[in-house]
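J.: One structure, pasted below without further comment.
In the numbering used here, the protein residues as written are 1045 to 1315.
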């Protein structure tokens, strides 16, 4: 695959905002009234951005955050032509245009969802696609009211039980139960909870830690953990061993060993 330097791109979007340094990228969802709902236009921009970031070998971490009072909430309602004369093909095409979670989950580097507010319905599905979630203490996380937000279509029925277990996932999907940030932390749905005035600091600390770590090792760890759900233990251990062998041949591995022997901080280059 042809590799490009994403820093040379003028990545400007109408709805989302995007900034990056050589090692970290930040995607911010737009603020929309009572909360951002992921529209076809927003989903298209997120997919486009993720596609470009797939090619950035030097990138070590991506954050996705909301703006305003929420991360993202609700689900876009089907247009009139689908409501009045729905066909499987039309419905599928409409849902395909809203899909974004798989593009986020496919990114090879660690992805952090910064939940500055509620993540409900499609917003939760987007957050579930990240590797780590940091939530403000006032945030709520839920699959949405099944009578209002409709049936999930961007991964909630698959990713949610893998994180919180099938019993809690059923509760959230059947009843629309939303978890507080602290409940989500207890059940493993989020990794950190911070008060509003500390959220940026907590995220910055987490991002700095990931950026300073060995980037190839982080990508390999993500690959192995993601694959674990589809592999037997024996297959997973074989993959882990194979990735470990490959890692031994990298310059970063030599740098890590040298830094340990010399009692200094390693300077990983990602190769």
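No residue lacks a Cβ here, since even glycine has one placed at the ideal position from N, Cα and C.
#1: Within the continuous beta strand (DSSP E) that includes residue 1290, where are the two ends?
#2: Which residue marks the beginning of the beta strand (DSSP E) containing residue 1069, and which one marks its end?
#3: Hey, which unbroken runs of the alpha helix (DSSP H) at 4 residues or more fall wholly within the region 1061-1119?
#4: Taking buried to mean at least 16 other C-beta atoms within 10 Å of its own C-beta, is residue 1136 buried or exposed?
#5: Measure the alpha-carbon distance for residue 1307 versus residue 1284 and round it to whole angstroms.
#6: I'd like the span of the beta strand (DSSP E) that includes residue 1224, first residue to last.
#7: Helix, strand or coil: how does DSSP classify residue 1302 here?
#8: Report the start-end ranges of each beta strand (DSSP E) in the region 1181-1246 that is 3 residues or longer and not cut off at the edges.
#9: Taking all protein chains shown into account, decide if residue 1084 is buried (16 or more other Cβ within 10 angstroms of its Cβ) or exposed.
#10: Can you give me the Cβ contacts of residue 1202 inside the same chain, cut-off strictly under 6 angstroms, excluding the 5 residues immediately before and after it?
#11: Would you mind working out which of 1309, 1118, 1313, 1282 sits nearest residue 1078, comparing C-alpha positions?
#12: Under 8 angstroms: do the region 1166-1174 and the region 1105-1121 share three or more Cβ pairs, one atom per stretch?
#13: Starting from residue 1140, follow the alpha helix (DSSP H) in both directions and report where the run begins and ends.
#14: Let's see if you can read the secondary structure: which residues bound the alpha helix (DSSP H) around residue 1151?
#15: CB-CB under 6 angstroms to residue 1296, same chain, minus the five flanking residues each way: which ones, in chain order?
#16: So what does DSSP say about residue 1272, is it helix, strand or coil?
#17: Return the CA-CA distance between residue 1246 and residue 1235, expressed in angstroms with no decimal places.
#18: Could you name the residues of the same chain whose beta carbon sits closer than 7 angstroms to that of residue 1132, not counting the 5 residues immediately before and after it, in chain order?
#19: What are the residues that DSSP puts in a beta bridge with residue 1040?
#20: Please determine if the region 1173-1190 and the region 1151-1158 are in contact, where contact requires at least 3 C-beta pairs separated by less than 8 angstroms.
#21: Please list the terminal residues of the continuous alpha helix (DSSP H) segment that includes residue 1059.
T.: According to the data block:
#1: Where residue 1290 is concerned, there is no enclosing beta strand (DSSP E), although the alpha helix (DSSP H) it sits in stretches over 1277-1292.
#2: In the DSSP assignment, residue 1069 falls within the unbroken beta strand (DSSP E) covering 1068-1072.
#3: 1084-1097
#4: Residue 1136 should be labelled exposed.
#5: 28 angstroms
#6: 1222-1224
#7: helix
#8: Entirely contained in the region 1181-1246, the beta strand (DSSP E) runs reaching 3 residues are, in chain order, 1184-1186, 1222-1224, 1236-1238.
#9: exposed
#10: Same-chain partners within the cutoff: there are none.
#11: 1118
#12: yes
#13: Run containing residue 1140: 1132-1142, per the alpha helix (DSSP H) assignment.
#14: That residue, residue 1151, is in no alpha helix (DSSP H); it is neither H nor E in DSSP.
#15: 1258, 1260, 1312
#16: helix
#17: 11 angstroms
#18: none
#19: A question about residue 1040 goes unanswered here, because the residues of the chain that appear run from 1045 up to 1315.
#20: yes
#21: Looking at the DSSP string, residue 1059 is not in any alpha helix (DSSP H), and its letter there is neither H nor E.
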